[in-house]
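Scroll down for the structure; my scribbles are underneath it.
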Amino acid sequence: MYKKIGVVGDKDSVLAFKAIGIDVFPVVEADEARIAVDRMAMNGYAVIFITEHVAAKIEETIERYNKQMLPAVILIPSNQGTLNIGSKRISDSVEKAVGVNIL
Numbered sequence: 001m002y003k004k005i006g007v008v009g010d011k012d013s014v015l016a017f018k019a020i021g022i023d024v025f026p027v028v029e030a031d032e033a034r035i036a037v038d039r040m041a042m043n044g045y046a047v048i049f050i051t052e053h054v055a056a057k058i059e060e061t062i063e064r065y066n067k068q069m070l071p072a073v074i075l076i077p078s079n080q081g082t083l084n085i086g087s088k089r090i091s092d093s094v095e096k097a098v099g100v101n102i103l
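Numbered according to my numbering, the sequence shown spans residues 1 to 103.
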């Protein structure tokens, strides 16, 4: 079965992903982001990239999908820089899996 990849964030941050064939969902408001992520999950997206600035506004939605196998929600920096939320989540996951923070 064919799985899709999408990215949610502000227009300036996500537009470049379109050039490499990833579906882009530019959003401005938190409600738009929640709706986009929920629609993507219902429509078979296996990987959803979300810019950290948008993710900070929809933490409860992201947590809901983190408890499921798919879709994988991955936080990425926006064109405004990073909030270090994504790297913190990776570090926490590694520590949970290994028992110690090796990063």
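We put the beta carbon where it would ideally sit given N, CA and C, even for glycine.
{"Asked": "Three Cβ pairs or more, each shorter than 8 Å: is that satisfied between the segment 10–21 and the segment 33–44?", "Found": "no"}
{"Asked": "Can you check whether the CB of Tyr45 is closer than 8 Å to the CB of Lys4?", "Found": "yes"}
{"Asked": "Below 8 Å on the Cβ atoms is my guess for Val47 versus Phe25; work out the distance and round it to an integer in Å.", "Found": "At roughly 13 Å, the Cβ-Cβ gap does not stay under 8 Å, so Val47 and Phe25 are not in contact."}
{"Asked": "Please list the terminal residues of the continuous alpha helix (DSSP H) segment that includes Lys18.", "Found": "Lys11 to Lys18"}
{"Asked": "Just confirm the distance between the C-beta atoms of Thr51 and Asp10, as a whole number of angstroms; I'd bet it's less than 8 Å.", "Found": "7 Å"}
{"Asked": "Just to confirm before moving on: does the CB-CB distance between Val27 and Val54 stay below 8 Å?", "Found": "yes"}
{"Asked": "Could you pull out every unbroken alpha helix (DSSP H) segment of at least 4 residues lying fully inside the segment 34–59, listed in chain order?", "Found": "52–55"}
{"Asked": "Is Tyr6 buried or exposed, if buried means 16 or more other CB atoms sit within 10 Å of its CB?", "Found": "Residue identity check: residue 6 is Gly in the sequence provided, not Tyr. Buried."}
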